[in-house]
Amino acid sequence: MTEMIKAKNKDEISVKPISILLAEDSEDDALLLIRFLRENGYDPDYVRVFSRGQSDDALSKKEYDLIIADYSMPQFTALNVLEMVKERGIDTPLIVVSGTMGEDAAVDTMRAGASDYIMKGNFRRLIPAIERELQESKIRKAHKRAKKVNQLLSTAFEQAAETVVITDINGVIEYVNPAFQNISGYSREEVLGKRISLLKSGKHDAKFYEELRNTINAGNVWHGRFKNKRKNGSLYEEEASISPVRDHAGQITNFVAVKRDITHEVELEQQLRQSQKLKAIGQFAHKVAHDFTNVLMMILGNAEMAKKQLPASHEAMQFINEITNSANKITSFVAELMAFAHPSPPRTTAIYLDRIINGIDEIIRRATAPAINFNIVVKNPKVKVKVDSSQIEQAIVHVVANAVEAMPKCGTLTIEVSSTSTSTEDATLLPLNLRNEDGSIPEYAILTISDTGCGMTEESQTRIFEPFFTTKKDRHNVGLGLSMVYKIVEQHEGQITVQSAPDQGATFRIFLPIYK
1190 MTEMIKAKNK DEISVKPISI LLAEDSEDDA LLLIRFLREN GYDPDYVRVF SRGQSDDALS
1250 KKEYDLIIAD YSMPQFTALN VLEMVKERGI DTPLIVVSGT MGEDAAVDTM RAGASDYIMK
1310 GNFRRLIPAI ERELQESKIR KAHKRAKKVN QLLSTAFEQA AETVVITDIN GVIEYVNPAF
1370 QNISGYSREE VLGKRISLLK SGKHDAKFYE ELRNTINAGN VWHGRFKNKR KNGSLYEEEA
1430 SISPVRDHAG QITNFVAVKR DITHEVELEQ QLRQSQKLKA IGQFAHKVAH DFTNVLMMIL
1490 GNAEMAKKQL PASHEAMQFI NEITNSANKI TSFVAELMAF AHPSPPRTTA IYLDRIINGI
1550 DEIIRRATAP AINFNIVVKN PKVKVKVDSS QIEQAIVHVV ANAVEAMPKC GTLTIEVSST
1610 STSTEDATLL PLNLRNEDGS IPEYAILTIS DTGCGMTEES QTRIFEPFFT TKKDRHNVGL
1670 GLSMVYKIVE QHEGQITVQS APDQGATFRI FLPIYK
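Take a look at the structure:
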């Protein structure tokens, strides 16, 4: 190396550390190159190699900022180094130096993947070439890291159990992950380009959505719960956080929603609350019934004694009879209370569900007004359950009585027998807390009782199985009907649900385990 560029004053140069793999068989040329780099502001940490074995060992031990290779050495060449770098998938700039390389060789070297070539007799281009290649390498690595992060995020979104939805600032959907498709029933193709409002269930008012939009448009994160509607029309509840996404200028360009389906949890919470409530009421009812029984026995006993001591024509006999009749009515109510507080265990036998319906067909028809159309639909006649038939009959009669009262003038009452294996649509009706841990659907009988009556509000639906709760205007005529139904179904390891809306009738579904 004959020509040298005069180094700048060291005080003016900030020393830059650089790790170099130097493939050079000439120790003098190697030292000259390293000194030149030091004189031009670099602090090289270098490893010198001059054979394939040494190169392979050096490349396996660490990464380098730069590789400088002599074009031709006795044991191997710069092209051999390039091959080794490619085989390992290393993205490190490689500059070839040579004292004898011709133009054709230089072109071949560049085509093989070299970043640049420098003649040993002319180092003027070395420092600019190093700076350029280091900068380009830095940019390439940054792009690779960003691409890797993007791929990782994409994979995480695609595999996440939570729903991920990205919209533009106007609420138009730009991305949904597979979890969204599984939970909502909509495919990705069906929702991309559509507004997120297609999931609205009608259970939230305009103020709810206005507050949500104000929060995220202000650049804040919104946390809350949604009741949304699936493609099949069923409702589900989600716990969500919606965050604004900003560009480099700080402008909001998108919104990302991460949502968790909590329908199952909500159902379990409601079941637990209902069971705890009924248990507490049952304990109270037992105490009240016990105290009432003692008082009633005294009233009836004294009334009977009074009747024996008075002639039948005595004017007080009318009042004594009224006392007796009233006490007997209360006795019946107390018996109902006792049955609610401590229901007798079911005496179960295997029976086809449609036979239970047919057994009380006439009772139901007599209970309904002539203007009410009564239909029995057996979608699956092979639905066998192991139940106490008399208790299930009692439960059906109570629900039917509730339906008839909701249709004082006219309407339609329908009782339907099906199962989760009857159709996919029937299978989706099964409450989440009755499904298997893996989400699969076990076999359950489904007894559906629906009417076209006055319906009820969402608040009433949450309380409909409470003892003494009523939606009737006549609050004196209340009892334990639907709460008894709940108890009976619960004793049979089943579940009862209600679906209704004001002026849209009501649908009660009783789910019972299939007997095989």
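Its first residue numbered 1190, the sequence shown is counted upward by one per residue in the working numbering. A virtual CB, placed ideally from N, CA and C, is assigned to each residue, including glycine. Just so we're clear, the structure is a prediction, and the values are computed from it rather than from any experiment.
Distance between beta carbons of residue j and residue i, contact taken as under 8 Å
{"i": "Tyr1675", "j": "Phe1654", "result": "4 Å"}
{"i": "Lys1575", "j": "Thr1609", "result": "That pair is no contact at about 17 Å."}
{"i": "Ile1355", "j": "Asn1421", "result": "That pair is no contact at about 24 Å."}
{"i": "Val1455", "j": "Phe1481", "result": "Actually they are not in contact, since the Cβ atoms of Val1455 and Phe1481 sit about 37 Å apart, beyond 8 Å."}
{"i": "Ala1258", "j": "Val1236", "result": "With a Cβ gap of about 12 Å, Ala1258 and Val1236 do not count as contacting."}
{"i": "Ile1405", "j": "Glu1427", "result": "Not quite, the Cβ-Cβ distance comes to about 16 Å (not below 8 Å), so this is no contact."}
{"i": "Gln1650", "j": "Val1687", "result": "5 Å"}
{"i": "Leu1262", "j": "Phe1225", "result": "Reading the sequence as shown, one finds Met at residue 1262 and not Leu. That belief does not hold up - the Cβ atoms of Met1262 and Phe1225 are roughly 20 Å apart, past 8 Å."}
{"i": "Ile1635", "j": "Glu1582", "result": "Going by Cβ atoms, the distance from Ile1635 to Glu1582 rounds to 17 Å, so no, they are not a contact pair."}
{"i": "His1453", "j": "Asn1625", "result": "In fact, because the Cβ distance is near 12 Å, the residues do not count as touching under 8 Å."}
{"i": "Ile1372", "j": "Tyr1425", "result": "7 Å"}
Top-ranked residue by Cα proximity to residue i, from the options
{"i": "Met1487", "options": "Tyr1306, Gln1498, Arg1313, Ile1512", "result": "Ile1512"}
{"i": "Gly1242", "options": "Asn1229, Glu1228, Tyr1235, Phe1265", "result": "Phe1265"}
{"i": "Trp1411", "options": "Glu1399, Phe1346, Lys1420", "result": "Glu1399"}
{"i": "Pro1535", "options": "Leu1424, Gln1680, Glu1216", "result": "Gln1680"}
{"i": "Ala1516", "options": "Val1484, Tyr1541, Ile1546, Glu1320", "result": "Val1484"}
{"i": "Ala1350", "options": "Lys1330, Lys1336, Gly1628", "result": "Gly1628"}
{"i": "Lys1309", "options": "Ala1318, Glu1320, Thr1289", "result": "Thr1289"}
{"i": "Lys1250", "options": "Asp1436, Ile1279, Ile1703, Asp1232", "result": "Ile1279"}
{"i": "Arg1554", "options": "Val1447, Val1586, Gln1580", "result": "Val1586"}
{"i": "Ile1604", "options": "Leu1619, Leu1542, Asn1625, Leu1283", "result": "Leu1542"}
{"i": "Ala1165", "options": "Ser1240, Ile1685, Val1204, Thr1344", "result": "Any question about residue 1165 goes unanswered here, given that the chain covers just 1190 to 1705."}
{"i": "Phe1346", "options": "Gln1370, Met1596, Lys1396", "result": "Gln1370"}
{"i": "Arg1652", "options": "Lys1571, Arg1462, Met1494", "result": "Arg1462"}
{"i": "Val1706", "options": "Ile1552, His1453, Gly1490, Leu1388", "result": "Absent from the model: residue 1706. The displayed extent of the chain is 1190 to 1705, so no value can be given."}
{"i": "Gly1159", "options": "Val1204, Asp1246, Leu1271, Ser1244", "result": "Nothing about residue 1159 can be reported from this structure: the residues present for the chain run from 1190 to 1705 only."}
{"i": "Ser1533", "options": "Met1299, Ala1556, Met1673", "result": "Met1673"}
{"i": "Ile1630", "options": "His1437, Thr1613, Ser1304", "result": "Thr1613"}
{"i": "Arg1277", "options": "Ser1304, Ala1247, Leu1315", "result": "Ala1247"}
{"i": "Ser1579", "options": "Gly1644, Gly1548, Lys1573", "result": "Gly1548"}
{"i": "Val1380", "options": "Tyr1364, Asp1394, Met1494", "result": "Tyr1364"}
Beta-carbon proximity of residue i to residue j, cut-off 8 Å
{"i": "Asn1417", "j": "Ser1390", "result": "yes"}
{"i": "Gly1408", "j": "Ala1429", "result": "no"}
{"i": "Thr1281", "j": "Leu1323", "result": "no"}
{"i": "Ser1287", "j": "Tyr1306", "result": "yes"}
{"i": "Arg1419", "j": "Gly1360", "result": "no"}
{"i": "Gly1382", "j": "Ile1358", "result": "no"}
{"i": "Ala1219", "j": "Glu1228", "result": "no"}
{"i": "Asp1550", "j": "Ile1540", "result": "no"}
{"i": "Ser1423", "j": "Thr1617", "result": "yes"}
{"i": "Leu1701", "j": "Asn1591", "result": "no"}
{"i": "Ile1699", "j": "Ala1584", "result": "yes"}
{"i": "Thr1611", "j": "Asn1569", "result": "yes"}
{"i": "Val1447", "j": "Val1338", "result": "no"}
{"i": "Leu1499", "j": "Ala1492", "result": "no"}
{"i": "Met1273", "j": "Asp1245", "result": "yes"}
{"i": "Ile1268", "j": "Leu1283", "result": "Correcting the residue type first, residue 1268 is Leu in the shown sequence and not Ile. Going by C-beta atoms, Leu1268 is not nearer than 8 Å to Leu1283."}
{"i": "Asn1253", "j": "Thr1298", "result": "Sequence inspection shows Tyr at residue 1253; the Asn mentioned does not correspond to that position. Cβ atoms of Tyr1253 and Thr1298: not closer than 8 Å."}
Could you give the uninterrupted runs of the alpha helix (DSSP H) lying entirely in the stretch 1263–1346, keeping only those of 4 residues or more?
-> 1267–1277, 1292–1301
Would the stretch 1686–1696 and the stretch 1639–1651 be scored as touching if the rule is three or more Cβ pairs under 8 Å?
-> Counting C-beta pairs closer than 8 Å gives three or more between the stretch 1686–1696 and the stretch 1639–1651, which meets the contact rule.
Three or more C-beta pairs closer than 8 Å, one from the stretch 1292–1306 and one from the stretch 1204–1220: is that the case here?
-> no
Assess, as a yes-or-no matter, whether the stretch 1546–1564 is touched by the stretch 1585–1605 under the definition of 3 or more beta carbon pairs within less than 8 Å.
-> yes
Minimum length 4: unbroken alpha helix (DSSP H) runs contained in the stretch 1353–1394 | Along the length of the stretch 1353–1394, whole alpha helix (DSSP H) runs at least 4 residues long occupy 1367–1373, 1377–1380, reported in chain order.
Uninterrupted alpha helix (DSSP H) stretches inside the stretch 1602–1684 (no shorter than 4 residues) | Fully enclosed alpha helix (DSSP H) runs of 4 or longer: 1613–1616, 1647–1652, 1670–1680.
Which full runs of the alpha helix (DSSP H) of 4+ residues lie inside the stretch 1542–1579, going along the chain?
-> 1542–1548, 1550–1556
Please go through the stretch 1198–1235 and give each complete alpha helix (DSSP H) segment of 4 or more residues, from N-terminal end onward.
-> Complete alpha helix (DSSP H) runs here, min 4: 1216–1228.
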